[in-house]
Amino acid sequence: MVEPGILIERLVKKYEDVTAVDGLSLRVARGELFGLLGPNGAGKTTTINILCGLVKPTSGIVSVYGFDVQAELCKVKQFIGVCTQETAVYDYLTGLENVELFGSLYAMRGDVLKARRKALLEKMGLTKDAERRVGKYSGGMKRRLSLILALVHDPQVVFLDEPTVGMDPQSRRAVWDFIRGLKAEGKTVILTTHYMEEAEELCDRVGIIDHGKLITLGAPGELISDSGVGSLEELFIKLTGRRIREEA
Ligand SMILES: Nc1ncnc2c1ncn2[C@@H]1O[C@H](COP(=O)(O)OP(=O)(O)O)[C@@H](O)[C@H]1O
Ligand SMILES: [Mg+2]
1084 MVEPGILIER
1094 LVKKYEDVTA
1104 VDGLSLRVAR
1114 GELFGLLGPN
1124 GAGKTTTINI
1134 LCGLVKPTSG
1144 IVSVYGFDVQ
1154 AELCKVKQFI
1164 GVCTQETAVY
1174 DYLTGLENVE
1184 LFGSLYAMRG
1194 DVLKARRKAL
1204 LEKMGLTKDA
1214 ERRVGKYSGG
1224 MKRRLSLILA
1234 LVHDPQVVFL
1244 DEPTVGMDPQ
1254 SRRAVWDFIR
1264 GLKAEGKTVI
1274 LTTHYMEEAE
1284 ELCDRVGIID
1294 HGKLITLGAP
1304 GELISDSGVG
1314 SLEELFIKLT
1324 GRRIREEA
């Protein structure tokens, strides 16, 4: 039997006047690097937040590695990590103190936390600035720190909501290498991004959603060749149109 990865079944999330997620069904395999794509307001963040238990669905089922996210959230929280779209770091602490705080929330201590902290700060290029207050960091540095905080406990399943937004090409590539490393370690990763190049480069499969519905699903290379376009960006525009969507 194939071990269950991430399962989304007939998921619906309604706010007062909008249906953010409208009957979404999707399966992501264990060890897969999956890209959830879509224009502003498509429902990506809502979906990710439901998958990690931050938002309650109106109806439908989501499960991670066989555990129902609603009914067994405590269990699920032990093996997932999330980097939310809004960067959540403590400005008045140093980078190092932020990592220590999050590590201790996961009951990590001593040498284990120290080694993990060191490795992550190095990979994200923050070693030199680790003792500086985060309030002085650039937006890209804060984003890289928030990735570290999402991963300090070495989760098996990782949700990254626009991890590279606002980063320069160097930082972005460091994050790409980092995400590839997660995949190489066998982790399951769901990523949202507005950079189609990023999705093409990294993802095993992508799902494009709009108005809370899945409109296409497949490996980037196959989607491109099947639809006779030159790039994922071209396909994205073809499917979702040119009308500018306001940011939430
Ligand atoms: N807390 C909320 N209250 C009301 N509407 C919301 C809320 N969160 C999201 N929405 C709406 O749901 C839709 C989907 O939003 P979101 O999931 O953030 O999209 P995306 O991440 O794809 O840009 C948007 O129309 C947004 O305005
Ligand atoms: Mg979003």
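In the numbering used here, the protein residues as written are 1084 to 1331.
Note that beta-carbon positions come from the ideal geometry of N, C-alpha and C, so glycine has one too.
Here the structure is a predicted model, which means the values were calculated and not measured.
#1: Can you give me the start and stop residues for the alpha helix (DSSP H) that residue 1127 sits inside?
#2: Quick check: residue 1164 and residue 1269, are their CB atoms within less than 8 Å of each other?
#3: Less than 8 Å between the beta carbons of residue 1214 and residue 1179, yes or no?
#4: For residue 1114, name the three-state secondary structure that DSSP assigns.
#5: Are residue 1322 and residue 1299 closer than 8 Å when you measure CB to CB?
#6: When you compare each of 1142, 1136 and 1141 to residue 1150 by their alpha carbons, which one comes out closest?
#7: Please write down, chain order preserved, every residue whose beta carbon lies under 6 Å from a heavy atom of ligand 1.
#8: Out of 1183, 1249, 1271 and 1219, state which residue places its alpha-carbon closest to the alpha-carbon of residue 1231.
#9: Please determine whether the Cβ atom of residue 1244 lies at a distance below 7 Å from any heavy atom of ligand 2.
#10: With a 10 Å radius around its C-beta and 16 neighbouring C-beta atoms as the bar for buried, classify residue 1175 as buried or exposed.
#11: Just to check, is the beta-carbon of residue 1247 closer than 7 Å to a non-hydrogen atom of ligand 2?
#12: Which residue from 1307, 1148 and 1329 puts its Cα closest to that of residue 1319?
From the atom records:
#1: Bounds of the alpha helix (DSSP H) holding residue 1127 are 1127-1134.
#2: Taking 8 Å as the Cβ cut-off, residue 1164 and residue 1269 do not qualify as a contacting pair.
#3: In terms of Cβ geometry, residue 1214 and residue 1179 form a close pair [threshold 8 Å].
#4: Note: residue 1114 maps to coil in three-state DSSP.
#5: Taking 8 Å as the Cβ cut-off, residue 1322 and residue 1299 qualify as a contacting pair.
#6: Comparing Cα positions, the closest option is 1136.
#7: Residues flagged by the Cβ proximity filter: 1098, 1101, 1103, 1121, 1123, 1124, 1125, 1126, 1127, 1128, 1129 and 1331.
#8: Out of 1183, 1249, 1271 and 1219, 1183 has the C-alpha closest to the C-alpha of residue 1231.
#9: Yes - ligand 2 has a heavy atom lying nearer than 7 Å to the Cβ of residue 1244.
#10: It counts as exposed.
#11: When distances are taken from the beta-carbon of residue 1247 to the heavy atoms of ligand 2, even the shortest one reaches 7 Å or more.
#12: Closest option to residue 1319, Cα to Cα, is 1307.
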